[in-house]
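Visitor:
2 protein chains.
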Amino acid sequence: MIDWKTLFITVFCASALLPSVARTQKKPPYESVDVFIGTREMGHTFPGAAIPFGMVQLSPDTGNPPFLKDNMYNPAVYRYCAGYQYDDPTIIGFSHTHFNGTGHSDLGDFLIMPTRRDRPLEPGVVGNPDSGFRSRFSHATERAAPGYYRVRLEDTDIDVELTASSRVGFHKYTFSDNGDSRIILDMIHSIYDYDGKVIWSSIRIENDRLVTGFRQTHGWGRTRYLYFALVFSKPFKRYGYMNNESAPYRGFWDKAMKQKDNFPEMTGRKVRAYFDFDTVAGESICLKLALSAVSTDGARQNLEAEIPHWDFEQTRREARLAWERELGKVEIDAEQSRRTIFYTALYHSLLSPIEYMDHNGRYRGIDQNIHRAEGFTHYTLFSLWDTYRALHPWLTILQPRRAGDMIRSMLAHYEQSVHRILPIWSFHANETWCMIGYHAVPVIVDAFIKGIDGFDAEKAFQAVVDSATHAPYSGLGNYMKIGYVPADGEFGENSASKTVEYAYDDWTISRLARALGRTREAEEFTRRAVNYRNLFDPGTGFIRARTTSGKWTEPFDPLKTSGQGYIEGNAWNYSLHIPQDIRGYIRLLGGDKVFIDRLDSLFRQKLPAESVAGSEDTAGAGMVGGYIHGNEPGHHIPYLYNYAGIPWKTQAIVRRVLAEMYSATPDGIAGNDDTGQMSAWYLFSAMGFYPVCPGSDQYVIGSPCLDRAVIHLENGRKFTMLARNLSAGNIYIQSAEMNGVPLARTYITHEEIIRGGNLVFHMSAKPNRNWASSRGASPYSLSD
Amino acid sequence: MIDWKTLFITVFCASALLPSVARTQKKPPYESVDVFIGTREMGHTFPGAAIPFGMVQLSPDTGNPPFLKDNMYNPAVYRYCAGYQYDDPTIIGFSHTHFNGTGHSDLGDFLIMPTRRDRPLEPGVVGNPDSGFRSRFSHATERAAPGYYRVRLEDTDIDVELTASSRVGFHKYTFSDNGDSRIILDMIHSIYDYDGKVIWSSIRIENDRLVTGFRQTHGWGRTRYLYFALVFSKPFKRYGYMNNESAPYRGFWDKAMKQKDNFPEMTGRKVRAYFDFDTVAGESICLKLALSAVSTDGARQNLEAEIPHWDFEQTRREARLAWERELGKVEIDAEQSRRTIFYTALYHSLLSPIEYMDHNGRYRGIDQNIHRAEGFTHYTLFSLWDTYRALHPWLTILQPRRAGDMIRSMLAHYEQSVHRILPIWSFHANETWCMIGYHAVPVIVDAFIKGIDGFDAEKAFQAVVDSATHAPYSGLGNYMKIGYVPADGEFGENSASKTVEYAYDDWTISRLARALGRTREAEEFTRRAVNYRNLFDPGTGFIRARTTSGKWTEPFDPLKTSGQGYIEGNAWNYSLHIPQDIRGYIRLLGGDKVFIDRLDSLFRQKLPAESVAGSEDTAGAGMVGGYIHGNEPGHHIPYLYNYAGIPWKTQAIVRRVLAEMYSATPDGIAGNDDTGQMSAWYLFSAMGFYPVCPGSDQYVIGSPCLDRAVIHLENGRKFTMLARNLSAGNIYIQSAEMNGVPLARTYITHEEIIRGGNLVFHMSAKPNRNWASSRGASPYSLSD
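Respectively, the protein sequence lines represent chains G and B.
Each residue of the first sequence is one higher than the one before, counting from 220 in our numbering.
Each residue of the second sequence is one higher than the one before, counting from 220 in our numbering.
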């Protein structure tokens, strides 16, 4: 029986809600992604092949200059966090692991390069590609889409195609000439490389098509193990390796045997293997390389489980389908360049965290023991200082099941950690201790508050409390004693930033404690939530570093980042990092007017060049006045006018950031993508709202830049945002409705999204100063 | 009901068979062991604590001079294969893994040393013990027995006691003074040490008593992993470490935190940790350190499973009971010094191979994957070139169950090896390729022929055939093509030794093939069994190296070892390495007389010093004329007169070797014990017989030096050897009986032993030239 009423509503209303369908010839989501966005300079994205949240992220590396010890931010090296720089003329090869958009790096594991036998068994140098197996290439022959990458290696006339499943990289090399073709497996190559980074590596030639091995590196990840199984579509006729070390193998065999040719074990710190084939013109050789963090046995099983066949196109198709499934969860109307930016941001928001376990559930824990993920998918790669802000909240909407598994993964880390604290910046069974705070805490509480399940709330509570009370961690002992991290104490560096971030994290714990009925902890952490006040200097109105005795550190320069007690931000930005209690800060400052002036000044000011020091992701491009969008601490700041009753100023600044900081070009991200945080900012903001304070259930309203956006939720419902009368100039909200009811507040709730509904904004070129300007319209603040 | 008949026979016959019981006040087996035998100079034994076949062999190390690359036989280093030299004045500490009696080495893992806080955190140098934590000691305070070791560290007034289970070392330290006591865990220390041997090490402080960690070394074992769990009986009050490296931890935490004190993760290549305690005078601190080759989790489980308590004396008692059980399997009558030699040899024969798996059956395979031993105990440490001769045959009698499991372990190695061949010289999931031959083959065939079960004969057959036909291995390709290893081909070094050893190994395969009805292979390997003939030079009567074209290599010096195509033996010795076909060789030589002259000359000749080069285990002491007992290739030679019908000459020479090459003193083994091979030679020969040709079921009769020996077999039966009228001068067999029936042959069979029975020798000072001198009395030869 046809339900005519539903059909009518569906068809009629859908078309009514889709005014732009007819007016642009738009590409579907998958085809709207431009994987090259962010590959030039600061974005630190990579263009290679991966599936959503896949462990294998198989991508060309165009450079890996060695970095020197204690010089992690060597700018020449920093450019290569993702291995690829758009302006480079040559490709070294194709490695299987990459970070998306990080500000420090590692990985680049198991580089493969097809070449010819007459090329040197060295990568060669940038200035002279003929000195090695690297090859010139051109963007003209480069074709890439989510899950697929193609390029022609000009020096050797080899066509390369790459695709991937979660744990397997699939390579297809087509050789133009008859003759001696060679495929190199480089165990030395690494991203953020230095002499000695490879602690050990090993290759076993299992038979004339199957190769297994592993390597251990001591890089950003202190003790990192990765195993592989590599199978060729055709037997190699000869193999061997070079070992750039003097004393490879202590044993007797060595004396007589030329181990470097056709000897099935290759071991050492500097091993580069080759496999030779006779090919005829036009012949393709495929290879599949599976990863495991557990063992070569695990890698072999992953290979068999994921890609048992040799049909490259099938795997490519499956990768595409996986992307279409995920990208299709948000349907938007906008002109194509916006669509490109949006879907590329969506693509980047689905590249990390990554699945980190074998097909059978076994994974390497932070204790370096092998564990089994029982009933969940184990993830790694938590850049939490970046991602607690918007990426994880984004995943609570789009990927609630995965969000729950990510929390289980963090809880496993907590249980396996010798410190018994949650991850800070972790990947591949390593903790890097990078950046500050204990921001797994807001991620977990935010998910709990938003009803994400699949994890044990009591265990989560223990984990967040333990993490927030681990005295040896980064000044926390002093913080707990005197209410702030003193600049002159242990871990006094960045003491002001630490204090405000701890206070925010603590506020989230108070929310969880209250929800679980833990009154004592709720009170304790509510007290700690206002610790930011201990660093408020009434004289300047800034959050400032102070010593144990209570003295403000001098000299004080609110424009400077370095040496002032802040990290990746200055006093202007960090003083606003009180997402849990903006109203409380406004009160300290002296009221709305002072606060608004403060914001106005921030967005208007011109920073002297030397003040930007320590904010390396900006280079000017990522800034609006003194607001640094290229770094995270201020990501919520554009939304703060709402708290002072003038949402139209937020609307203006959000639209400016959306317009200026993102573009559909290789340099289209105005700072490191930071494993998707920059992209998640865009995704939210383009739809008109943003999670200013994860741990609350509110998304604060800005100003959308999409005509329409429909989120297809995992629960089968959908949430639609419609921006009527939107244009480049129509940046102001005149009015809004939620499910047809006028909306006179500057936030919506998570519940309003996931139960499905329609949010309609009416846009105009002129601000409506009355809309949602009352005190009651403002988002949550602790001090309200 | 009392069975009076059995009782009568038991009591009466036993006393009748025990004429010496009353005449000496003898110590029981356990107390007869002197673990210091072999600890001076060449024996390379260690005096520390272990249980039979235990993985933990916890022993003091007195020296570990660094060795230089490509100089494995640096004599100063070679002395320290077992870590301990009897004449050394200081102890560096107590490490948990040692080889017994090897000629190359590794291990020395996880050295622990109790000391005081004011001692340097460096081991210091031999000439100046005060420069480090090493301490002077004296043999006067040293007490050791199987499974127990005690010493007083004089510089710090600390009493050390050690005991062990299979996977756990148990330490007890008693401090004389009040004050700051310190226990060092040295992750750098190693046997056969060199700068860079430790690839990586890691320590986790799990709590204030439990520490876990691991290290990887690149030594003789190319890629060796070992994990530990260490628990103290008392909480430490402070801990920390030094790291002799400039760049330990790439991460941010490092910048501010003094990670070297009380930071629970210690990682690097050169880590030495300390744990501090307040102690009062007379206080004891115990610690238990468990090993695992799998993981720290595995080590923790091993610790809990094996020694869950803190009763040092209980573990010591259990270790003693384990030894009493094994040592009691052979009951002997002899004067005490003989008993000491015999039971110490028995002790040494039970120290390797070692159990190499976790308590739950998981072990690291040669493929570096983790496997589970299903239904058997997995062993490692196979010094097969040494031990196929007598140690493994000895185990087929005394330890048939373990012998079967050792074969299963070797078959697992075969299956996991990328080469698909059996172990050569393997330990701890590493193949060293040390020495020559494929002597796992005779071990397996010998066990099969002798009815050892518990392994799959068909799989074993495949394994021995694959091992004997793996062309890339050590000249085997040429050997298969032309019937010998040519001196000028690949792996031409030691080509004569390789050829005769391959031919012998091949003969054993022919035996197995025949038993399994594999006619084709039986014929093929029977052909290969006489390949030694291809190197027989009729001009000199020696087995000689020859080139591919068939030319003998020149210059030829039958006295010299090095550069002649032999290893650890010269032409005189190696020409007799045809255990499978002594009669065939006699025929080639020209008959018994020439052969007997050859043997007489060998035992009479005086080697010029320069000819001994390459026979480093002798230093004169291990030789009878030109017969080198300190190295293995000749171990069967004393028994060869039997094949020419003059057993009395074998009797004389065997008794001479028994008397001259073994003594109850620290230098009581005339060469490396070679993981028990030297000891097994003694055990057999002292009882009057020896496995000249493993793979046959015969033991060839020599001349016993024990009045009586009773072997209590695993099948519940016993085999008794009685030497009537034995004395230092009465070395000749006048007659013999087996189970009361006159024995007129110079061998007995395995079957005769394991079905139980009595072998009686009647001894005299004069040879009986007629006893067993007929052709039919001679042991097996292929050419018979």
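For glycine and all other residues, C-beta sits at the position ideal for the given N, C-alpha and C.
Beta strand (DSSP E) containing residue 575/G: first to last residue?
Guide: Residue 575/G -> no beta strand (DSSP E), and no H or E assigned at all.
Visitor: Evaluate residue 1009/B with the Cβ neighbour count: other Cβ atoms within 10 Å of its Cβ, from every protein chain shown; 16 or more gives buried, anything less gives exposed.
Guide: No statement about residue 1009/B is possible, as the shown extent of chain B runs from 220 to 1003 and does not include it.
Visitor: Quick one: list the residues of chain G neighbouring residue 200/B, beta-carbon separation under 9 Å, in chain order.
Guide: One cannot answer for residue 200/B here, as it falls past the ends of chain B, which runs 220 to 1003.
Visitor: List, in order along the chain, the chain B residues whose C-beta lies closer than 9 Å to that of residue 435/G?
Guide: Under the 9 Å cutoff, chain B gives 418, 419, 435.
Visitor: Once the 5 residues before and after residue 900/G are set aside, which same chain residues still bring their CB inside 6 Å of it?
Guide: Closer than 6 Å at the Cβ level, and outside the excluded window around residue 900/G, lie 609, 854.
Visitor: Using 8 Å as the cut-off, can you tell me whether the segment 952-971 of chain G makes contact with the segment 920-936 of chain G, which would need three or more C-beta pairs spanning the two stretches below that distance?
Guide: Because the criterion of three Cβ pairs below 8 Å is met, the segment 952-971 of chain G and the segment 920-936 of chain G touch.
Visitor: Using 8 Å as the cut-off, classify the Cβ of residue 531/B as near or not near the heavy atoms of the ligand COA, replying yes or no.
Guide: Absence of the ligand COA is noted for the structure shown, with no ligands found whatsoever.
Visitor: Would you tell me roughly how many angstroms separate the C-alpha atoms of residue 308/G and residue 371/G, rounded to the nearest one?
Guide: Straight-line Cα distance between these residues: approximately 12 Å.
Visitor: For residue 511/G and residue 327/G, I'd like the C-alpha separation in whole angstroms.
Guide: Approximately 15 Å, taken between the alpha carbons.
Visitor: Name, please, each residue of chain G whose Cβ falls closer than 7 Å to the Cβ of residue 442/B.
Guide: Neighbours of residue 442/B on chain G, chain order: 419, 421, 486.
Visitor: Given this structure, state the Cα-to-Cα distance separating residue 558/B from residue 549/B, to the nearest angstrom.
Guide: Approximately 11 Å, taken between the alpha carbons.
Visitor: Among all the DSSP beta bridges, which residues are the ones paired with residue 851/B?
Guide: In the DSSP output, where bridge partners are listed per residue, residue 851/B has none listed.
Visitor: In the DSSP assignment, what are the bridge partners of residue 507/G?
Guide: Its beta-bridge partners are 389/G, 450/G.
Visitor: Would you report the Cα separation of residue 990/G and residue 802/G, rounded to the nearest angstrom?
Guide: Straight-line Cα distance between these residues: approximately 19 Å.
Visitor: At a Cβ threshold of 9 Å, is residue 638/G touching chain B?
Guide: Chain B, which has a Cβ nearer than 9 Å to the Cβ of residue 638/G, makes this yes.
Visitor: Since residue 762/G contacts residue 715/G with CB under 8 Å, what's their CB separation in whole angstroms?
Guide: Confirmed, Cβ separation roughly 6 Å.
Visitor: Could you tell me the distance, in whole angstroms, from the CA atom of residue 727/B to the CA atom of residue 632/B?
Guide: Spanning the two alpha carbons is a distance of roughly 20 Å.
Visitor: Please confirm if residue 365/B has its CB atom under 9 Å from at least one CB of chain G.
Guide: No, its Cβ sits nowhere closer than 9 Å to a Cβ of chain G.
Visitor: Could you check if residue 665/B is buried or exposed, using at least 16 other CB atoms within 10 Å of its CB as the buried criterion?
Guide: Counting Cβ neighbours within 10 Å, residue 665/B comes out buried, since at least 16 surround it.
Visitor: Could you give the distance in angstroms between the alpha-carbon of residue 318/G and the alpha-carbon of residue 692/G?
Guide: Going by the C-alpha atoms only, they are around 26 Å apart.
Visitor: What residues from chain G crowd round residue 1010/B, counting only those whose CB sits closer than 9 Å?
Guide: Any answer about residue 1010/B is impossible in this case: the structure gives chain B only from 220 up to 1003.
Visitor: Check whether the segment 345-354 of chain G touches the segment 499-517 of chain G, taking contact to mean three or more Cβ pairs, one atom from each stretch, closer than 8 Å.
Guide: They do not touch, by the three-pair rule.
Visitor: Would DSSP call residue 817/G helix, strand or coil?
Guide: Three-state DSSP puts residue 817/G in a helix.
Visitor: List, in order along the chain, the chain B residues whose C-beta lies closer than 9 Å to that of residue 424/G?
Guide: What residue 424/G touches in chain B: 637.
Visitor: Check whether the Cβ atoms of residue 571/B and residue 641/B sit closer than 9 Å, and answer yes or no.
Guide: The answer is no: Cβ separation not under 9 Å.
Visitor: Mind pulling the chain G residues with CB within less than 7 Å of residue 285/B?
Guide: Neighbours of residue 285/B on chain G: none; closest Cβ ~14 Å, over 7 Å.
Visitor: Looking at the C-beta of residue 381/G, does it have a partner C-beta in chain B at a distance below 9 Å?
Guide: No, no contact with chain B.
Visitor: Kindly provide the ranges of any alpha helix (DSSP H) runs that are 4 or more residues long and lie completely inside the segment 656-706 of chain G, ordered along the chain.
Guide: As far as the segment 656-706 of chain G is concerned, its whole alpha helix (DSSP H) runs of at least 4 residues are 659-668, 676-687, 695-701.
Visitor: Express the C-alpha separation of residue 368/G and residue 551/G in angstroms, rounding to a whole number.
Guide: Each residue's Cα considered, the two are about 25 Å apart.
Visitor: If we ignore side chains and look at the alpha-carbon of each, how far apart do residue 265/G and residue 646/G end up?
Guide: Cα to Cα, the separation comes out at about 18 Å.
Visitor: Just verifying my parser: in three-state terms, what is the DSSP assignment at residue 546/B?
Guide: Reduced to three states, the DSSP call for residue 546/B is helix.
Visitor: Measuring only the C-alpha atoms, how far is residue 704/G from residue 717/G?
Guide: Approximately 7 Å, taken between the alpha carbons.
Visitor: With DSSP run on the structure shown, which of helix, strand or coil describes residue 997/G?
Guide: Three-state DSSP puts residue 997/G in coil, outside helix and strand.
Visitor: Express the C-alpha separation of residue 556/G and residue 639/G in angstroms, rounding to a whole number.
Guide: Approximately 46 Å, taken between the alpha carbons.
Visitor: Which residues mark the beginning and the end of the beta strand (DSSP E) in which residue 435/B is found?
Guide: Counting along the chain, the beta strand (DSSP E) containing residue 435/B begins and ends at 429-436.
Visitor: What whole-angstrom Cβ distance do residue 331/G and residue 390/G have, given they're in contact under 8 Å?
Guide: Between residue 390/G and residue 331/G the Cβ distance is about 6 Å, and since that is below 8 Å, they are a contact.
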